[in-house]
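For the sequence shown, position 145 (counting from the first letter as 1) is numbered 144 according to numbering that gives the first Met the number 0, and the numbering increases by one without interruption.
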Amino acid sequence: MTAAAPPRTTTVTLAVTGKELVAEGVATLTLARPDGGRLPDWTPGSHIDLVLPNGLTRQYSLCGDRWDAHSYRVGVLLETGGRGGSSHVHEQLQPGHLVGVGGPRNNFPMVPAERYVFVAGGIGITPLLPMVQQADLLGADWQLLYLGRSRRSMAFLDELAPYGDRVVVHAKDELGPLDLAGFLGTPAEGTRVYCCGPTRLLTALETACADLPPYTLRTERFVAEEQGAPARTAPFEVELARTGATVTVTPDVSVLEAVGSAGVEVLSSCRQGICGTCETGVLAGRPDHRDSLLDDAERAAGDCMYICVSRALTDRLVLDL
Ligand code: FES
């Protein structure tokens, strides 16, 4: 067996330069290079991978000022019953600590439009906050619907206050459930709807947008969409183009695990096909896409796949690994 290669996605070491509790259960971290140098640019909707000192990798949307080239800001919700990533951030990580950072990467890009409707549920505000700032800067017509359990649990209300009635805050403990379809109405032609939040919100919005033109709604998920059974149950082969190795992927393991056992470690995090960390180029063969990230056109192109969940339609895949 080959010696383990470093993770495919490059990480840099950044320092925690600030930590603040901005709402009940929500902390922000500010990260910067220890030498104060410039960080890679990013666009609204981007996230970074935090490679935590406890060995876990987690994705967090960038929610700071994208024109600040020297620091990143992320917002982290403390998930009770989570796998330990958010609790490590909340309880252990402190200013002065170092963390590995991968990315930025954007699976939720903002496309040009004359009008935007942003719908945030809870911590789903984080990728939408820079979109709001960008839409406002560009002079687009926009509205944000921000839903949460209570105002106490809703981060960044202070930063959103200057936008006045463009921002509709709906705290459930004050106002009860919202009629989402009624709020949305029939959006003007050319409107793009961006939503990030829990599954029930995304599902309700997908229903409300069902009759709108394709690509009107773009969503970012916290949990994976339900997938049917894999297209094939027989093993398939994966050739790793850079190393020349071939591995057999049996039905009980993922491509990620199979290539890992061949000594090629690919950085991963959610292992559910929702974060994008394990994106891998496909050079030949046809993937059985089982992620919650790619749209129909991207699936049809077949030139990349998320190897934590996606498998093969063909007997053989050649990956850019
Ligand atoms: S590890 Fe998150 S998409 Fe594969």
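Glycine included, C-beta positions come from ideal geometry on N, C-alpha and C.
Query, Result
"Ligand 1 and G84: does the residue's C-beta get closer than 6 Å to at least one heavy atom of that ligand?", "no"
"When DSSP labels each residue in this structure, what does T185 get in the three-state scheme?", "coil"
"Taking 6 Å as the line, does the beta carbon of C323 fall inside it for any heavy atom of ligand 1?", "Look at the range of the chain in this structure, 0 to 320, and you will see that residue 323 is not part of it."
"With 16 as the cutoff for other CB atoms within 10 Å, does P6 come out buried or exposed?", "Bear in mind that a pLDDT of 43 at P6, under 50, signals an unreliable position, so the number given afterwards is only what the model happens to contain. It counts as buried."
"According to the Cβ coordinates, are C274 and V265 closer than 7 Å?", "no"
"Does I122 come out as helix, strand or coil in the three-state DSSP assignment?", "helix"
"Kindly examine ligand 1 and report whether one of its heavy atoms sits closer than 6 Å to the Cβ of T276.", "yes"
"Nearest to G262 by CA position, among L282, P250, R241, G272, is which residue?", "R241"
"G99: beta carbon under 6 Å from a heavy atom of ligand 1?", "no"
"Give the DSSP-derived three-state secondary structure of H87 in the structure shown.", "helix"
"In the DSSP assignment, the alpha helix (DSSP H) including S60 goes from what residue to what residue?", "Unbroken run through S60 is the beta strand (DSSP E), 56-60; no alpha helix (DSSP H)."
"Considering only the beta carbon of each residue, do F235 and D287 sit closer than 7 Å?", "no"
"Strictly by DSSP, which residues pair up with N105?", "S45"
"Report yes if the C-beta of G280 is less than 6 Å from at least one heavy atom of ligand 1; otherwise report no.", "no"
"Can you list, in chain order, the residues of its chain with a C-beta nearer than 7 Å to that of R32? Leave out the 5 residues immediately preceding and following it.", "L13, L38"
"For D319, collect the residues of the same chain with a Cβ closer than 8 Å to its Cβ; drop the 5 residues on either side in sequence, then sort them by chain order.", "A240, R241, T279, G280, V281, L282"
"If you draw a straight line from the C-alpha of I122 to the C-alpha of G196, how long is it?", "7 Å"
"Would you check whether ligand 1 has a heavy atom nearer than 6 Å to the C-beta of C307?", "yes"
"Answer yes or no: does any C-beta atom of chain B fall closer than 7 Å to that of P234?", "Absent from the structure: chain B. Only one protein chain is present."
"What's the call for A228, buried or exposed, on a 16-neighbour Cβ count within 10 Å?", "exposed"
"Under the three-state reduction of DSSP, which class applies to L312: helix, strand or coil?", "coil"
"Just the C-alpha distance for G284 and T10, rounded to the nearest angstrom, thanks.", "29 Å"
"Would you say the beta carbon of R104 comes nearer than 6 Å to a heavy atom of ligand 1?", "no"
"Applying the 10 Å Cβ sphere with the 16-neighbour rule, what's the burial state of D157?", "exposed"
"Below 7 Å between beta carbons: does that hold for Q142 and V116?", "yes"
"What beta strand (DSSP E) runs, 3 residues minimum, are completely inside the region 171-224?", "190-196, 216-220"
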